[in-house]
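Going by the UniProt record's numbering, the letters in the sequence shown line up with residues 1 to 548, in that order.
Worksheet: the structure to be examined is printed underneath.
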Amino acid sequence: MVPPITPLELNLLIFRYFQDSGFTHSAFTLGCEAGLSDCPIDGNMVPPGALVKCITKGLQYLEMEANLSKRKADLDEDFSFIRPLDLITKNVNELRQMITERRKNRQKHVVKVINRKDGSRSRGVSEKGKLANEKEHEKYKHLGQSSGNAFVKDTEMVSAEEDKQLEIFGGSRPMHIATTPTPKHYAYGVLGVDVTILEGHASEVCACAWSPDGSLLASGSVDSTARIWKMAERINGGKSGDGNPNVFVLEHAQGRRNKNKIVTSVDWNGDGSLLATASYDGDARIWTLDGELKSTLRKHKNAVISIKWNKTSDYILTGSLDKTAIVWDVETNEVKQQFELHSGHVLDIDWRNNVSFAASTNKLIHVCKIGMNYPVKTFYGHQSEVNSIKWDPTGSLLASSSDDYTLKIWSLKQDNYIHDFTEHRKGVSTSRWSPTGQGTDNPNKQVLLASASFDSTVKLWDVEQGKLLSNFTGHRDAVYSIAFSPDGEYLASGCKDKSIHIWSVKTGKIVKSFKADGSIFEVCWNKEGDKVAACTNRKTVLVMDFRM
């Protein structure tokens, strides 16, 4: 049996915690009063974060003890996470009673969900599909597509209480039991003048995308509008709204806001002369730079979730809840080809090259080619909905992120996946390839893949070796979006916890951070890599100046 920790050892842990946290006066006072200068133990042997790690591990032990069934030694399969405050203030019997009540509530909730599903056409419909059938948008969760997807998908059907629980994943992640009031926005490494808040939308902003030259920023919202913002070369901070002559409003509904015309996705063509938008009304639209509607692409019979131009900008690809993907001829505004993908709603799409693309439907991924009536390849392997798909810069490898907690890598050269990364503890919301290696502007840098998850982490992978390189644990809730800087040196992440973090890919540390007043649905870099834009569920678009 491990002997209990001694008061001296505990004081050393607290002393090191004070030092790590910058509490120099507290550390000095404790050192003097506890006589640590005469301590026979070498304080340098205590690693950074040791106290937090020990406490977290202890709480995990309490958590496991509370989840143990009284009748058997094995952990109950229906494991339930517990808030740190409850672990500290309640005994094991109280914790077990709380878990029992929570599971009863969860079972009732699942029964209700199943009953709702029985009324729909497909029992395997994702949360996106339910939103379409029920015509509501309260439970959007961002899937992190590069074109900007408005929908935020619940990965687990749990009670409202369960959804609020803070999960413990170990490591040196700090525990917040109580907080002091803070302003709506705070910055770490970002001065107030370095962030501009773009106001004007009347509801949640679901998507944002920089134009290729970085001078314009597009945003799409639940308020049935998209906006084109003309950005200054330098960020001066403050706010900018509809009174600014450099803002063009792209109305998708005449008059009052129409929930059937929610703008779900936006994407620029190759030279930045046209903007494509996808809408919940089933239409895709093409706009000029001054906000004029150039054309309406009408064929889908349900909401259009994703929209993307091919590299040569002669085709537009749309994915819809009507279980089809359509390739549009931009010159004629006509359907080039409609692909019937009967396995489920088309949740994400990505061009492989100018004539072929991948589309995710339910648990499957189809690779299609213009002129072919059937998919040239279908990838099987995921056990739940596929949230996001992304080809690497060469178009040879495809990454897929799923609610089954896995990130998989596929190749057209074989039927089975090449890699199956299973380190995430919850559904994987999205993944992004680094703009490095063959086929990029940074050919001499290593190719990396980043993934974001509802487990609050961002992970960095070496695909060639098939291993995890880094685990970024600075967020405290579901991470909806990630984006690499153009040089591949930094990674931006946006989270439900209202924070935007910018990480150094090399060190895995946060170099800049900003906390908004709402959840972050999308993050994206401009071409120069000196600005990061983000959209929130509080009607705003944020632009951070990033100059190291």
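Cβ coordinates follow ideal geometry from the N, Cα and C atoms, glycine included.
Residue i versus the options, residue with shortest Cα-Cα distance
i: L274; options: F421, E292 and T264; result: E292
i: M372; options: H382, S356, N362 and R227; result: S356
i: P47; options: M64, C32, E9 and A34; result: E9
i: S429; options: I409, K413 and D404; result: D404
i: S499; options: T312, A516 and A492; result: A516
i: G488; options: I418, L449, H366 and K301; result: L449
i: E251; options: A202, R298 and G437; result: A202
i: S343; options: V330, A325, V335 and E334; result: A325
i: V266; options: L412, W287, N471 and N246; result: W287
i: L341; options: Y280, T378, Q465 and G31; result: T378
i: residue 555; options: T507, A226, A218 and Q338; result: Because the chain spans 1 through 548 in this model, residue 555 falls outside it and cannot be assessed.
i: S210; options: K53, S21, V541 and A533; result: According to the sequence shown, residue 210 is Trp rather than Ser. Selected option, being the one with the closest Cα: A533.
i: I482; options: S456, E464, V463 and R547; result: S456
i: T422; options: S453, T440, L198 and Q438; result: S453
i: D283; options: N269, L289, W268 and S306; result: S306
i: L364; options: T312, S396 and D415; result: D415
i: I262; options: V247, G427, H300 and G220; result: G220
i: G427; options: I418, N442 and S388; result: S388
i: C208; options: R227, W328, K509 and V247; result: R227
i: I41; options: L12, R16 and D329; result: L12
Alpha-carbon to alpha-carbon, residue j and residue i
i: Y374; j: P435; result: 31 Å
i: C495; j: A478; result: 6 Å
i: T394; j: S320; result: 26 Å
i: E528; j: V543; result: 14 Å
i: D392; j: L36; result: 54 Å
i: D213; j: V92; result: 59 Å
i: R102; j: N353; result: 49 Å
i: F484; j: E94; result: 45 Å
i: N526; j: D322; result: 33 Å
i: Q383; j: S400; result: 12 Å
i: G272; j: V505; result: 29 Å
i: K467; j: W461; result: 6 Å
i: E127; j: T6; result: With a pLDDT of 39 at E127, under the threshold of 50, the modelled position of this residue cannot be trusted, and the question is left open.
i: V447; j: Q97; result: 49 Å
i: I349; j: V458; result: 22 Å
i: G58; j: L347; result: 41 Å
i: G129; j: A359; result: The predicted position of G129 is uncertain, since its pLDDT is 40 and thus under 50; a value taken from the coordinates is nonetheless stated next. When rounded, the distance between both Cα atoms is 16 Å.
i: I197; j: E334; result: 38 Å
i: S279; j: H345; result: 15 Å
i: T440; j: R476; result: 33 Å
i: M231; j: F472; result: 31 Å
i: V193; j: T277; result: Residue placement at V193 is flagged as unreliable, the pLDDT there being 49, under the threshold of 50; a coordinate-derived value is accordingly withheld.
i: C524; j: Y480; result: 12 Å
i: W503; j: R547; result: 13 Å
i: C39; j: T29; result: 15 Å
i: S493; j: R432; result: 11 Å
i: I177; j: Y315; result: Low confidence applies here, because I177 scores a pLDDT of 26, under 50, leaving its location unreliable and the question unanswered by this model.
i: E464; j: L407; result: 15 Å
i: S313; j: L297; result: 15 Å
Assigned secondary structure, residue i (DSSP; H/G/I helix, E/B strand, else coil)
i: D348; result: strand
i: residue 549; result: For residue 549 there is no data in the structure shown, the boundaries of the chain being 1 and 548.
i: D403; result: coil
i: V222; result: coil
i: A325; result: strand
i: T29; result: helix
i: G371; result: coil
i: Q19; result: helix
i: R298; result: strand
i: G49; result: coil
i: S37; result: helix
i: K336; result: strand
i: E94; result: helix
i: P435; result: coil
i: M544; result: strand
i: D86; result: helix
i: N11; result: helix
i: E213; result: In the sequence under discussion, the amino acid at residue 213 is Asp, which differs from the Glu named in the question. Three-state DSSP puts D213 in coil, outside helix and strand.
i: I197; result: strand
i: Y61; result: helix
i: I389; result: strand
i: S538; result: Residue identity differs from the one stated: residue 538 is Arg in this sequence, not Ser. DSSP places R538 in coil when its eight states are reduced to three.
i: T430; result: strand
i: A73; result: Note that A73 scores 42 on pLDDT, short of 50, meaning its location in the model is unreliable and no value can be drawn from it.
i: E522; result: strand
Start-end ranges of the alpha helix (DSSP H) lying completely within the UniProt repeat "WD" (256-290), minimum 4 residues: Segments of the alpha helix (DSSP H) lying fully in the UniProt repeat "WD" (256-290): there are none.
Complete runs of the beta strand (DSSP E) confined to the region 439-514 [at least 3 residues]: Every unbroken stretch of the beta strand (DSSP E) spanning 3 or more residues and falling wholly within the region 439-514 is given here in chain order: 449-453, 458-462, 467-472, 479-484, 490-495 and 499-504.
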